[in-house]
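The working numbering applies: residue 49 is where the sequence shown begins, and numbers increase by one.
Each residue gets a CB set at the ideal place from its N, CA and C atoms; glycine is no exception.
As the structure is a computational prediction, the values presented were derived from the model and not from experiment.
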Amino acid sequence: MAKGLTVEAWLAAQTPDIRSAVERLRAIVLDAGEGLTEHIKWNGPSFCIDGDDRITVGLAPKGGVRAVLHRGVKTKDAADLRSLDDSGWVQWAAADRGVVAFADEAAVVAAAEAFAALCRRWLEATR
49 MAKGLTVEAW LAAQTPDIRS AVERLRAIVL DAGEGLTEHI KWNGPSFCID GDDRITVGLA
109 PKGGVRAVLH RGVKTKDAAD LRSLDDSGWV QWAAADRGVV AFADEAAVVA AAEAFAALCR
169 RWLEATR
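#1: Can you tell me where the beta strand (DSSP E) with tryptophan 58 in it begins and where it stops?
#2: Between the Cα of lysine 89 and the Cα atoms of Gly81, Ala165, Ala154, Thr104, which residue gives the shortest distance?
#3: At what residue ranges does the stretch 56 to 109 contain a whole run of the alpha helix (DSSP H), taking only runs of 4 or more?
#4: Exposed or buried, methionine 49, counting other C-beta atoms within 10 Å across all chains shown (16 or more means buried)?
#5: Just the C-alpha distance for cysteine 182 and threonine 85, rounded to the nearest angstrom, thanks.
#6: Taking only three categories from DSSP, how would you classify tryptophan 140?
#7: Where does the unbroken beta strand (DSSP E) through alanine 115 begin, and where does it stop?
#8: Measuring only the C-alpha atoms, how far is histidine 118 from alanine 141?
#9: For the alpha helix (DSSP H) that leucine 158 lies in, which residues bound it at each end?
#10: Label alanine 75 either buried or exposed according to how many other C-beta atoms from any shown protein chain fall within 10 Å of its C-beta, with 16 as the threshold for buried.
#11: Can you check which of these residues, Asp152, Ala158, Val116, is closest to cysteine 167 by C-alpha distance?
#12: Given that a residue counts as buried once 16 or more other Cβ atoms are within 10 Å of its Cβ, and exposed if not, what is phenylalanine 163?
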């Protein structure tokens, strides 16, 4: 994807099923925290607090969509944030970086309440 790509242009380049699933994820994330900004980073819409990326959504490598919970490019501390996941469906790549994968839009809808709560906890804990 080209540098400087807008979220709208990124969405327009996706298939209809991916676009609708990502739009659902975006709505959940945007509703989870105040003051979030959004841009394209790491080939998907990424949400920032004070310029630091916190949640990035986009294509899952094995199909479907995903949300990556992170603390930006360089972590400021090594806090273990795995305790924020009371669902057990976050795959933790590190103590402060987790991935939630969804097969399709129906899976996003089914998990919307739990995912929204996770996003709220994540954004609050990583401010």
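Well, looking at it:
#1: If you look at tryptophan 58, you'll find it isn't in any beta strand (DSSP E); it sits in the alpha helix (DSSP H) that goes 55 to 60.
#2: In terms of CA proximity to lysine 89, Thr104 leads the group Gly81, Ala165, Ala154, Thr104.
#3: Runs found: 64 to 80.
#4: The predicted model places methionine 49 with a pLDDT of 45, which falls under 50 and marks its position as unreliable; any figure quoted below should be read in that light. Under a 10 Å Cβ-count criterion, methionine 49 is classified as exposed, with fewer than 16 other Cβ atoms of the shown protein chains found around its own Cβ.
#5: Since the first residue of the chain shown is 49 and the last is 175, residue 182 is not available in this structure.
#6: Here tryptophan 140 carries a strand assignment [DSSP, helix/strand/coil].
#7: Boundaries of the beta strand (DSSP E) around alanine 115: 113 to 117.
#8: Roughly 10 Å between the two C-alpha positions.
#9: Residue identity check: residue 158 is alanine in the sequence provided, not leucine. In the DSSP assignment, alanine 158 falls within the alpha helix (DSSP H) that extends over 153 to 158.
#10: With fewer than 16 other Cβ atoms within 10 Å, it is exposed.
#11: Sorting Asp152, Ala158, Val116 by C-alpha distance to the C-alpha of cysteine 167 places Val116 at the top.
#12: Buried, since its Cβ has 16 or more Cβ neighbours within 10 Å.
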